[in-house]
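For the protein sequence lines, the chains are A and B, in the order given. Take 28 as the starting number for the first sequence in our numbering and just add one per residue. Take 265 as the starting number for the second sequence in our numbering and just add one per residue. Take a look at the structure set out below.
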Amino acid sequence: MAPPKGGYAPTLDKFLDTLKGRPLEASIESLVSLLKRRQIQGSEPCALATAHILLQVVVMDKYTDVNQLLARIQGVARRLVAAQPRELVIGNIVRRVLGLIRDEALENRNEVGSDESISSPSMFNLLADPDTTPPMWSTGASPAPGSGVSTPMADPQSTDVKALRSEVIDGIEEIMDEIRQVDEQVQAYSDIIIHPGDYILVHQPCKTVQRFLTRSKRKCTVFLVVDPSAEDPYASFRKSMAATGSVVVNIMNTGLMAYMSRVNKVILSARAIMSTGGVLVDGGASVIARAARELGRTVIVIGGVYKLSPDNQIDQETATEWGNPSKCVNYSDGRMVRQVTVKTAVSEYVPAELVSTYITNLGAHSRDHLHAIVNDHYKEADSEFDLYGTIRK
Amino acid sequence: MADVQDGAVTRDLPLRGSNADAESFDIVATYHRLLKEDPDLTMPMAAIEALIEFLGHSQVKTVYETIDLVKTQSEKLQAAVRNPIALSHGTDLFSQYLIMSLKQPASSSGSNGSNNSKSSPAPQPPLDNPHESFEVVRQHLLRNSRLFATRAKNARERIAVNGRKHLHDDTTILTMGGSRVVGNLLGRAAQKHDYGWYTDPPRQFRVLYAVDPALAAESEAVVASLRGQGVPVATVPFTALAYAMATVDKVVVGAEAVTANGGIISSMGTYSLAVLAKASRKPFYVAAEQHKFGKTFPVDEFDFSFDQGVINFYSDNTKEGKDKKVTMPDPIDFTPPELIEAFFADHKVLTPDEVAKEVIDMLM
């Protein structure tokens, strides 16, 4: 019998198919191991998988008030993050969902319209009245400051759990829609960036970048930096670029500098974007950014807003994930395998000063503006929520 | 507390406009006494505490008169010290808080910005009279003045928690000056920290301490305490900084005040350190409490209201001894925001741009 289409290896779609019939705990367990084995990888699949499993938690779990739900989500989230700590989108989606639950719980109590939740003049917290502030502030003693224990909602009982559940489900579905629509929305900005006759260099473009380039009907030349050893997944991209009369040239990473003098713009696809402007990228993209900056070329980073992370403690060393080196050295080469340590980076970090512009589904942003977007999307209580504890050296 | 009782008694007097108590109150002496009594108090906090004590002594009941008096007292205090930047950040924060509280309805006057204030158990009935609501704020300030100092000290612990995420194993951290915040941050990072759901193991790092002879006593205390906690510390003279920079992974310093453009005012030498760090592309971090943020906006090193007397030219050898200008005891310099990677503050870790935005949002 012929193997099923796409092979036996589990993927995001297969995981999503199994969600319905299985008990919740089994689904979580299965996602954790899929993440650990990197069988679900890449920002978008990880984000979608996280949103789906949190949806399952909201739908299937039992809870009687908001705080129980928040605690449950946090518990699941920690396991997911520990399974794949460098995929920051997992933490992002979790924070979005936690923020959503807090919002809905407040709204349920008919306490909308308070502008306090929008602007939080935290400088005055120092002088705030302890009788009217949350207990966290009163002495700072318990819970331990910044303990990672998110602030619980006061007065959780008064929320109608049923209404909350259905509203949170709607909210999570909106987040999923947002993730799916990123490509389309980002495309809208391609005409601003791409001009006729441009020479554009891209590194292992993700779907978002591919569609960004093909959307613009302007004739340009695209230098495609790909991993020479891997199979080429860009056939359809080439075809659609050729349809508009554009030229796609494959170049090797070693010949980079020779081409760089011709290049007008470098477009990189982000795995995650820090609020400080640093970007987590595929291995090999960092050197491109540096080369481009050396010659004063524009470096543009593209990624959905869901990739923008409030985590900012990542740096060159913690961001680098070392992966399978079997592409570089053949296992049959016994002497090499035994005596030489071969490392190949799967993910890398591009420092903020190498990037000129960030394009998300909300538009083009400068580095200084990123923290404002982060503040719009995540609640301070959840930004503090430290999900990233496990991979620090 | 005695001051509170004093205030309660004097408030019964129906006299208006008579500020005998307020005039006899010596805010400058109070400020210096507070700093002396509690060596852990920062300058902005001491200024705030002094103003609260003044509020206890004043018998003025109208809102605007009080704000006016706080303003004159702040000016008096600022005029009395040579370098008023840090304390002016405290007085600005205090008067801004008073003004903010008046703009808010009384029921939430004390709880600006807390997300949970709406669900506070017993909301006070709204007070329509601004003077009445102001009295609530006043009473709260008098009652809780010690609490504010405790909060300000706890801020150091929160900075230690926020900052430890940025200290990694097997790295060398360069620091200088006698900053208590940095000392606490490094000391805490060398211990384990319990997040509740996860115990963060102690960090294994080394500290390179640049010793400024002018701050030798403070530096020694920090170095001794770090070594006592098992952190390997090397001390180098200030002149060896460029030489030692290649062995360093990160630079962390404290600050006296944080300016509105996201730069810092800190002890003399911080700017040189930041320039050296930038030249070697080492990230330069600042650990500072949020209450040190303020409206000061220096454009360069000499854009201060006072002369530090650091640079004095003489062509006559004999004359120098006679009327030589005296250098300020604790000289400072200004480190511009371009040289700073990030701030470890008590509420979060933020970039200089974010600091600028917070200052504009809060104080302008």
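Ideal Cβ positions, reconstructed from N, Cα and C, are used throughout, including at glycine.
Range of the contiguous beta strand (DSSP E) that encloses residue i
{"i": "phenylalanine 577 (chain B)", "result": "Counting along the chain, phenylalanine 577 (chain B) falls outside any beta strand (DSSP E), and DSSP gives it neither H nor E."}
{"i": "asparagine 277 (chain A)", "result": "274-278"}
{"i": "alanine 498 (chain B)", "result": "497-501"}
{"i": "leucine 228 (chain A)", "result": "226-230"}
{"i": "threonine 248 (chain A)", "result": "248-252"}
{"i": "leucine 472 (chain B)", "result": "469-475"}
{"i": "isoleucine 596 (chain B)", "result": "596-599"}
{"i": "isoleucine 294 (chain A)", "result": "292-296"}
{"i": "phenylalanine 568 (chain B)", "result": "No beta strand (DSSP E) contains phenylalanine 568 (chain B), which DSSP labels as neither H nor E."}
{"i": "phenylalanine 607 (chain B)", "result": "606-608"}
Own chain residues within Cβ distance below 7 Å of residue i, not counting five before or after
{"i": "leucine 154 (chain A)", "result": "none"}
{"i": "methionine 284 (chain A)", "result": "Ala318"}
{"i": "serine 383 (chain A)", "result": "Thr325, Val326 and Ile327"}
{"i": "lysine 417 (chain B)", "result": "Asp304"}
{"i": "glutamine 214 (chain A)", "result": "Arg238, Phe239 and Arg242"}
{"i": "glutamine 212 (chain A)", "result": "Asn388"}
{"i": "proline 352 (chain A)", "result": "Val369, Lys370 and Thr371"}
Residue range of the alpha helix (DSSP H) that includes residue i
{"i": "glutamate 380 (chain A)", "result": "From DSSP, glutamate 380 (chain A) is part of no alpha helix (DSSP H); its letter is neither H nor E."}
{"i": "histidine 392 (chain A)", "result": "Here histidine 392 (chain A) belongs to no alpha helix (DSSP H); instead the beta strand (DSSP E) covers 390-392."}
{"i": "phenylalanine 289 (chain B)", "result": "Careful: phenylalanine 289 (chain B) lies outside any alpha helix (DSSP H) and carries neither H nor E."}
{"i": "isoleucine 316 (chain B)", "result": "307-321"}
{"i": "phenylalanine 264 (chain A)", "result": "262-270"}
Contact set for residue i: own chain, Cβ-Cβ below 8 Å, skip 5 residues either direction
{"i": "lysine 420 (chain A)", "result": "Low confidence applies here, because lysine 420 (chain A) scores a pLDDT of 36, under 50, leaving its location unreliable and the question unanswered by this model."}
{"i": "glycine 427 (chain B)", "result": "Leu449, Ala453, Val516, Tyr549, Ala551, Phe608 and Val613"}
{"i": "valine 574 (chain B)", "result": "Met532, Thr591, Met592 and Pro595"}
{"i": "isoleucine 199 (chain A)", "result": "Ala78, Leu81, Leu82, Val85, Val124 and Leu127"}
{"i": "lysine 546 (chain B)", "result": "Leu438, Met509, Val512, Asp513, Lys514 and Val515"}
Length of the line joining the Cα atoms of residue i and residue j
{"i": "glycine 102 (chain A)", "j": "glycine 354 (chain B)", "result": "41 Å"}
{"i": "arginine 297 (chain B)", "j": "isoleucine 291 (chain B)", "result": "10 Å"}
{"i": "lysine 456 (chain B)", "j": "alanine 350 (chain B)", "result": "33 Å"}
{"i": "tyrosine 535 (chain B)", "j": "threonine 436 (chain B)", "result": "20 Å"}
{"i": "valine 176 (chain A)", "j": "isoleucine 227 (chain A)", "result": "Because valine 176 (chain A) sits at a pLDDT of 46, beneath the cut-off of 50, its placement in the model cannot be relied upon, and the following sentence gives the value as read from the coordinates. Taking the straight line joining both Cα atoms gives about 46 Å."}
{"i": "leucine 127 (chain A)", "j": "alanine 510 (chain B)", "result": "46 Å"}
{"i": "alanine 391 (chain A)", "j": "valine 306 (chain A)", "result": "15 Å"}
{"i": "isoleucine 221 (chain A)", "j": "threonine 281 (chain A)", "result": "26 Å"}
{"i": "arginine 630 (chain B)", "j": "leucine 357 (chain B)", "result": "Here chain B covers residues 265 to 628 and nothing more, so residue 630 (chain B) does not appear."}
{"i": "arginine 106 (chain A)", "j": "leucine 479 (chain B)", "result": "47 Å"}
{"i": "valine 86 (chain A)", "j": "isoleucine 196 (chain A)", "result": "7 Å"}
{"i": "glutamate 622 (chain B)", "j": "arginine 320 (chain A)", "result": "31 Å"}
{"i": "phenylalanine 289 (chain B)", "j": "tyrosine 459 (chain B)", "result": "46 Å"}
{"i": "alanine 312 (chain A)", "j": "methionine 287 (chain A)", "result": "14 Å"}
{"i": "phenylalanine 469 (chain B)", "j": "valine 274 (chain A)", "result": "51 Å"}
{"i": "lysine 354 (chain A)", "j": "glutamine 208 (chain A)", "result": "34 Å"}
{"i": "glycine 224 (chain A)", "j": "methionine 150 (chain A)", "result": "51 Å"}
{"i": "arginine 444 (chain B)", "j": "alanine 620 (chain B)", "result": "24 Å"}
{"i": "aspartate 130 (chain A)", "j": "asparagine 152 (chain A)", "result": "21 Å"}
{"i": "proline 232 (chain A)", "j": "lysine 47 (chain A)", "result": "33 Å"}
{"i": "lysine 429 (chain B)", "j": "asparagine 339 (chain A)", "result": "9 Å"}
{"i": "arginine 467 (chain B)", "j": "valine 446 (chain B)", "result": "15 Å"}
{"i": "aspartate 617 (chain B)", "j": "threonine 368 (chain A)", "result": "42 Å"}
{"i": "glycine 492 (chain B)", "j": "phenylalanine 412 (chain B)", "result": "30 Å"}
Cβ separation of residue i and residue j, assumed to be a contact under 8 Å, to the nearest whole Å
{"i": "arginine 346 (chain B)", "j": "phenylalanine 570 (chain B)", "result": "6 Å"}
{"i": "valine 293 (chain A)", "j": "threonine 241 (chain A)", "result": "Actually they are not in contact, since the Cβ atoms of valine 293 (chain A) and threonine 241 (chain A) sit about 18 Å apart, beyond 8 Å."}
{"i": "valine 434 (chain A)", "j": "isoleucine 278 (chain A)", "result": "Within the shown structure, residues of chain A are numbered from 28 to 420, placing residue 434 (chain A) beyond reach of any answer."}
{"i": "isoleucine 604 (chain B)", "j": "glycine 526 (chain B)", "result": "7 Å"}
{"i": "aspartate 476 (chain B)", "j": "phenylalanine 502 (chain B)", "result": "6 Å"}
{"i": "leucine 191 (chain A)", "j": "alanine 132 (chain A)", "result": "6 Å"}
{"i": "valine 116 (chain A)", "j": "cysteine 73 (chain A)", "result": "5 Å"}
{"i": "arginine 394 (chain A)", "j": "glycine 304 (chain A)", "result": "4 Å"}
Cβ-based neighbour list, residue i, same chain, cut-off 6 Å, excluding 5 preceding and 5 following
{"i": "serine 352 (chain B)", "result": "Gln342"}
{"i": "phenylalanine 568 (chain B)", "result": "none"}
{"i": "glycine 272 (chain A)", "result": "Lys246"}
{"i": "alanine 424 (chain B)", "result": "Asn448, Leu449 and Arg452"}
{"i": "valine 377 (chain A)", "result": "Val306, Val308, Ser313 and Ala316"}
{"i": "valine 332 (chain A)", "result": "Thr387, Asn388 and Leu389"}
{"i": "glutamate 143 (chain A)", "result": "Only weak support exists for where glutamate 143 (chain A) lies, its pLDDT of 41 falling under 50; the value from the coordinates is given anyway. Contacts found: none."}
Alpha helix (DSSP H) runs contained entirely in the segment 511-556 of chain B, provided each spans 4 or more residues: 534-543
Inside the segment 57-126 of chain A only - alpha helix (DSSP H) runs reaching at least 4 residues: 70-87 and 93-110
Runs of alpha helix (DSSP H) wholly within the segment 302-356 of chain A (minimum 4 residues, chain order): 312-321 and 343-346
Contained alpha helix (DSSP H) runs [length at least 4] in the segment 393-463 of chain B, N- to C-terminal order: The alpha helix (DSSP H) runs lying completely inside the segment 393-463 of chain B and spanning 4 residues or more are 394-407, 409-428 and 444-453, given in chain order.
3 or more residues per run - each beta strand (DSSP E) lying fully within the segment 193-238 of chain A: Runs found: 226-230.
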